[in-house]
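A.B. asks: The structure under discussion is supplied below as structure tokens; questions concerning it will follow.
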Amino acid sequence: MIRAPELIGGSGWLNTDKPLYIKDLKGKVVLLDFWTYCCINCMHVIPDLKKLEAKYPKELVVIGVHSAKFTNERDSDNIRKAILRYGIEHPVVNDSEFRIWRSYGVRAWPTLVLINPDGYIAGVVSGEGNYEILDKAIGTLIQEFSKKGSIDRTPLALALEKFKEPESVLSFPGKVIIGKIGALPRLFISDSNNHRIIISDLDGNVLDIIGSGEMGKMDGSFEKSSFNKPQGMYLDNKYLYIADTENHLIRQVDLEGKTVKTIAGTGKQSLGPGSPGTAMQTSLSSPWDLLVVKNKLYIAMAGPHQIWFMDLNNNSIKPYAGSGQEGRIDGPLMKATLAQPSGITTDGKKLYVADSETSSIRSIDLDEKGNVGTIVGLDLFEFGDVDGKGREVRLQHPLGILYHKGKLYVADTYNHKIKIVDPDKKTSETFLGTGKPGNNDGASPRFYEPSGLAIYENKLYIADTNNHSIRVADLSTKTVQTLEIKGGGIDDIGFPKENIVFPSRSIKSGARGNLTLNIAFPTGYKLTEGAPLEYEIEKCDGNIIKFSEPDRKKNLTNPKLPLVIPFSTASDNGSCQLTMDLNFNYCQSATGVCVIKLLKLRIPIQVKKDDNNQRIYVEYKVTPI
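Structural data, given as structure tokens:
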């Protein structure tokens, strides 16, 4: 047997406050996951790792070894965002120089290396779909070393990145589209890590929410339905189509009936390039973006590196372009190769695709006897940030694309830019962004891995994924501002009411906990002395979460913040939306100007037996007058 090389040479550690070494993990079964966060196959392994961690919580230690493909992925802050986006809760080392990779002789992403409790390599497997092999091997090692009395079941102390992340209304929004409901334009946001779709007007006032906020795949009403990291959407009359990416499903929303139903996929990931079939009986793999042309739903199927289409007349589905091999080969539709297509748009004659892993923009004929071509981009390991024409152009992992007035607007994700590509001249030029990640508005904006684009009239709407925000750019002046996601409505006494939608919270079942509500004031502001603060909490689906009547509704004078409101939860798993009316008055000390603030706070709640949290913390930040 070969002793496992030590984990040295990394440039930083995440989800832990100190480096980890094989020598210090004696008595543990260790599973090393060599990955890079752009890689769809690496994403597919993460659910398997979570299942293994849940099954062997005391005996198994999973360590992610992040060996980056793209330059952007070498930065520990960017890896941290990926850890948060994928919900990774095991230690990760940034192997930016491939030192650990080389010491283990790794050749491909993902590769998993199993190490026994004595520190020797027990097995190596590459690719996805290996859960059963790993589960059996880990179980055998635990049984073998338990008999020797040499298993260490002491929990590993971690410092998870998720506890360092500030709260925001959106969580890693992936895509954004604009369409009309009736005569009025509406913004549809895939609030991916909150597992829901937000519908707002173009000023950011939330009009409706599709999905409970709980991870799942339930059909039904807007409030009861659930998703798993949805991405692309397409509005076709009264129907909204959604790529429910990590459920490997296509969902259809009836906007009039306010219902969600599954129309394609089995809920199980396909591990091959796929074949024609009936939509509901055919497994899919990471559908990422959608569009409809002549009642055919085209799907950027990132998992098998293909474009699929579903005939909405007869519910048949099949691959349309791409052999299933990963690469950049032009030619006839099913002989050409694509690489993780993640964005799709059309001019009515061709499909245009953001082919993320080849850092390319591809064209695909809307004719089953047609071809796949390349507009700009070269191959899997040819990337960068170079404007120009033809083969000199370099992009870096683009995820979003939008056709508008003869041009392609591209979210050049890992370059933190928006670019304009001319499909006829095969040119690319930077439109917005400095190339450095950031969150600056104005005439010199910065973005942080933008992924989705929409245009209405003279405004470009950008899903700025790692900034958890929607940015709006004026197409003429190129100035950018951040869209505030808020609510509308009128209170009974005639004042404007602000509707605040918070991210989903989870809480332990059978708990006696508290809702901690804080109001954060900027310097020079405070609650108006002597003015009342009132709140009222609506019932949250019966017994899911309960507040006593005296605590559910109060009128307080000169309250001490934060408010701490006790509650109890049901003994079983369940979900509901906690809704709270909050009214208060505040003043600016310098001017003496006072303002009445009327809010409706909406917080999706999941009660879970396996959760240890017993507090719901909510903070409303007052903006200066």
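In this note's numbering, the protein residues as written are 704 to 1328. Just so you know, even glycine gets a beta-carbon here, dropped at the ideal spot from N, CA and C.
In angstroms, rounded to a whole number, what distance separates the CA positions of residue 751 and residue 1126?
C.D. replies: The straight-line gap from Cα to Cα measures roughly 40 Å.
A.B. asks: Report the start-end ranges of each beta strand (DSSP E) in the region 1145-1201 that is 3 residues or longer and not cut off at the edges.
C.D. replies: Qualifying beta strand (DSSP E) stretches, in chain order: 1153-1159, 1162-1167, 1172-1177 and 1183-1186.
A.B. asks: Using the Cα positions of residue 1134 and residue 1273, report the straight-line distance between them to the nearest angstrom.
C.D. replies: About 52 Å.
A.B. asks: In chain order, which continuous runs of the alpha helix (DSSP H) of length 4 or greater are located wholly inside the region 796-875?
C.D. replies: Runs found: 802-806 and 834-850.
A.B. asks: Can you tell me the Cα-Cα spacing of residue 933 and residue 1104, whole angstroms?
C.D. replies: The alpha-carbon atoms of residue 933 and residue 1104 are separated by roughly 17 Å.
A.B. asks: Determine the extent of the alpha helix (DSSP H) in which residue 785 is found, giving its start and end residues.
C.D. replies: From DSSP, the alpha helix (DSSP H) with residue 785 extends over 779-789.
A.B. asks: Leaving aside the five residues before and after residue 993 along the sequence, list all residues of the same chain whose C-beta is less than 8 Å from its C-beta, in chain order.
C.D. replies: The residues are 935, 936, 937, 944, 945, 946, 953, 1000, 1001, 1002, 1003 and 1047.
A.B. asks: Can you name the start and end residues of the beta strand (DSSP E) that residue 1286 belongs to?
C.D. replies: Run containing residue 1286: 1277-1291, per the beta strand (DSSP E) assignment.
A.B. asks: Rounded to whole angstroms, what's the CA-CA distance from residue 1261 to residue 1232? Just pull it up for me.
C.D. replies: Rounded to whole angstroms, residue 1261 to residue 1232 spans 6 Å at the Cα level.
A.B. asks: How long is the line joining the alpha carbons of residue 873 and residue 894, rounded to whole angstroms?
C.D. replies: So the two alpha carbons sit approximately 6 Å from each other.
A.B. asks: To which residues of the same chain is residue 840 closer than 8 Å at the C-beta, ignoring the five residues directly before and after it?
C.D. replies: So the qualifying residues of the chain are 817, 825 and 826.
A.B. asks: Is the beta carbon of residue 712 closer than 8 Å to that of residue 780?
C.D. replies: The answer is no: Cβ separation not under 8 Å.
A.B. asks: Using the rule of at least 16 other Cβ atoms within 10 Å of the residue's Cβ for burial, across every protein chain shown, is residue 1307 buried or exposed?
C.D. replies: Answer is buried; the Cβ neighbour count reaches 16.
A.B. asks: Counting beta carbon pairs with one atom in the region 1295-1302 and one in the region 899-918, are three or more of them shorter than 8 Å?
C.D. replies: No, they do not touch.
A.B. asks: Is it true that the CB of residue 1034 sits closer than 8 Å to the CB of residue 1330?
C.D. replies: Outside the shown range of the chain, which is 704 to 1328, sits residue 1330, and nothing can be said about it.
A.B. asks: In this structure, how does DSSP classify residue 1138 when only helix, strand and coil are distinguished?
C.D. replies: If DSSP states are grouped into helix, strand and coil, residue 1138 belongs with coil.
A.B. asks: Kindly give me the distance between the Cβ atoms of residue 855 and residue 726, rounded to whole angstroms, as I take these residues to be in contact under 8 Å.
C.D. replies: Their Cβ separation, rounded to whole angstroms, is 13 Å, which puts residue 855 and residue 726 out of contact at 8 Å.
A.B. asks: Measure the CB-CB distance between residue 1049 and residue 1025 and report whether it falls below 8 Å.
C.D. replies: No. Outside cutoff.
A.B. asks: What beta strand (DSSP E) runs, 3 residues minimum, are completely inside the region 930-982?
C.D. replies: Qualifying beta strand (DSSP E) stretches, in chain order: 936-939, 942-947, 952-957 and 962-967.
A.B. asks: DSSP three-state call for residue 1223: helix, strand or coil?
C.D. replies: Strand at residue 1223.
A.B. asks: Of the residues 1036, 981 and 1037, which one's Cα is nearest the Cα of residue 1014?
C.D. replies: When only C-alpha atoms are compared, the closest one is 981.
A.B. asks: Taking DSSP as the reference, what is the three-state secondary structure of residue 742?
C.D. replies: Residue 742: coil per DSSP, three-state reduction.
A.B. asks: Could you spell out the range, first to last residue, of the beta strand (DSSP E) harbouring residue 1208?
C.D. replies: Element bounds for residue 1208: 1208-1211.
A.B. asks: Just to confirm the assignment, what range does the alpha helix (DSSP H) spanning residue 1253 have?
C.D. replies: First-last of the alpha helix (DSSP H) with residue 1253: 1252-1255.
A.B. asks: If I follow the unbroken beta strand (DSSP E) through residue 1372, where does it start and stop?
C.D. replies: In the structure as shown, the chain starts at 704 and stops at 1328, and residue 1372 therefore has no counterpart that could be examined.
A.B. asks: Take residue 961 and list the residues in its own chain whose beta-carbon comes closer than 8 Å to its own, dropping the five residues that flank it on each side.
C.D. replies: Answer for residue 961: 911, 924 and 925, listed in chain order.
A.B. asks: Of all the options 971, 940 and 870, which has the alpha carbon lying nearest to the alpha carbon of residue 919?
C.D. replies: Ranking 971, 940 and 870 by Cα distance to residue 919 puts 971 first.
A.B. asks: Starting from residue 1297, follow the beta strand (DSSP E) in both directions and report where the run begins and ends.
C.D. replies: First-last of the beta strand (DSSP E) with residue 1297: 1297-1311.
A.B. asks: Just checking my contact of residue 1098 with residue 1084 at CB under 8 Å: how many whole Å lie between their CB atoms?
C.D. replies: With 8 Å as the limit, residue 1098 and residue 1084 do not qualify as a contact, their Cβ atoms being about 13 Å apart.
A.B. asks: With distances taken between CB atoms, is the gap from residue 1343 to residue 1254 smaller than 8 Å?
C.D. replies: No answer is possible for residue 1343: the residues shown for the chain start at 704 and end at 1328.
A.B. asks: So what does DSSP say about residue 1230, is it helix, strand or coil?
C.D. replies: Residue 1230 falls in the strand class under three-state DSSP.
A.B. asks: For residue 1248, which beta-bridge partners are listed by DSSP?
C.D. replies: Paired residues: 1243 and 1272.
A.B. asks: One question on the structure: do residue 1112 and residue 1054 come within less than 8 Å of each other, judged by their Cβ atoms?
C.D. replies: No, the Cβ-Cβ distance between residue 1112 and residue 1054 is not below 8 Å.
A.B. asks: With 16 as the cutoff for other CB atoms within 10 Å, does residue 1070 come out buried or exposed?
C.D. replies: With fewer than 16 Cβ atoms within 10 Å of its Cβ, residue 1070 is classed as exposed.
A.B. asks: Measure how close the beta-carbons of residue 881 and residue 887 come, nearest whole angstrom, since I'm counting them as under 8 Å.
C.D. replies: Wrong, their Cβ atoms sit about 11 Å apart, outside the cutoff.
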